[in-house]
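*Asks:* Per this note's numbering, the sequence shown runs over residues 175 to 402.
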Amino acid sequence: LKAVSAFETSARGAIMIDATTGAVLFEKDSDASMPPSSMSKLMTAYMVFLRLRDGSLWLDAEFTVSEDAWRKGDYKSGGSMMFLEPRQRVRVEDLLRGIIVQSGNDASIVVAEGLAGSEAAFAEQMTEEGRAIGLTGSQFVNATGLPDPDHYMTARDMATLARRTIEDFPEYYALYKETEFTYNGHRQGNRNPLLYRGIGVDGLKTGHTSVAGYGLTASMERNGRRLI
């Protein structure tokens with residue numbers, strides 16, 4: 175206990191929980207609102223997983239890349255991308271890898287438009303579903319995590335969302351440990367640096383914008399114990 179109480183972090187907000195019991199092992203300003211950047215895509219992917227589970231969507235289904243998704247999601251947006259092309263039809267399974275492994279803003283917007291008709295409508299659904307699963311300090315206004323003052327999460331909510339993802343969708347959680355994905359001739363590596371350390375980390379998601387700085391939601395399992 176003495177070692178734990180002496181632990182410090184320069185992160186503005188942080189939390190560590192035991193995934194089995196939910197016990198909080200460490201926290202620092204874990205209920206403070208912060209811009210989650212691409213860690214928002216944990217919720218974007220969770221929404222896709224829900225639709226796959228209820229049978230209203232399937233991995234082989236295809237969505238069309240709109241001009242808006244292409245324009246908002248390309249390199250000029252200052253974010254990561256899957257390198258999709260306008261009017262291209264893309265399988266849901268590929269879009270999931272584009273979101274999870276490549277952190278594609280374009281892929282996230284294509285999914286949002288495909289499932290809800292517009293990114294704004296999808297973001298409303300993200301917020302509603304988030305509150306239903308216990309994300310009491312989160313509000314989403316887009317599917318990507320690109321900066322917006324009305325788009326925020328807390329460290330506690332990110333841990334809760336990670337735990338729900340792992341528990342609710344073990345069949346899809348494996349996507350988070352894939353280290354690379356190639357699409358449209360562009361091979362990209364997973365941005366989670368802990369995947370490459372050999373320490374038992376098998377997810378989840380990084381995030382970075384100039385406003386938010388660097389963020390990471392991670393989980394690891396060792397000797398039968400999982401931490402988030």
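We put the beta carbon where it would ideally sit given N, CA and C, even for glycine.
On a predicted model such as this, the values are computed, not experimentally measured, just so you know.
1) Which runs of the beta strand (DSSP E) fall wholly inside the stretch 176-201 and span at least 3 residues, in chain order?
2) Measuring alpha carbon to alpha carbon, tell me which of E302, Q313, K246 ends up nearest A281.
3) Kindly indicate the opening and closing residues of the beta strand (DSSP E) around E395.
4) Please classify L199 as buried or exposed, where buried requires at least 16 neighbouring CB atoms within 10 angstroms.
5) Roughly how many whole angstroms lie between the Cα atoms of I340 and R400?
6) Just the Cα atoms here: how many angstroms apart are N316 and G374?
7) Could you name the residues of the same chain whose beta carbon sits closer than 6 angstroms to that of E352, not counting the 5 residues immediately before and after it, in chain order?
8) Three Cβ pairs or more, each shorter than 8 angstroms: is that satisfied between the stretch 346-366 and the stretch 228-244?
9) Is Q262 helix, strand or coil by DSSP?
10) Where does R338 sit, in a helix, a strand or coil, going by DSSP?
11) Would you mind reading off the limits of the alpha helix (DSSP H) that contains D228?
12) Excluding sequence positions up to five away, which residues of its chain have a Cβ less than 8 angstroms from the Cβ of V239?
13) Return helix, strand or coil for R365, following the three-state DSSP convention.
*Replies:* To lay it out plainly:
1) Those beta strand (DSSP E) runs which fall completely within the stretch 176-201 and span 3+ residues are 188-191.
2) The shortest C-alpha separation from A281 is found at K246.
3) 387-396
4) By the neighbour-count rule (16 or more Cβ atoms within 10 Å), L199 is not buried but exposed.
5) Rounded to whole angstroms, I340 to R400 spans 10 angstroms at the Cα level.
6) 32 angstroms
7) V275
8) no
9) Correct three-state label for Q262: coil.
10) helix
11) 215-228
12) Around V239: L258, E259, P260, R261, Q262, R263, V264, D280, V284.
13) Note: R365 maps to coil in three-state DSSP.
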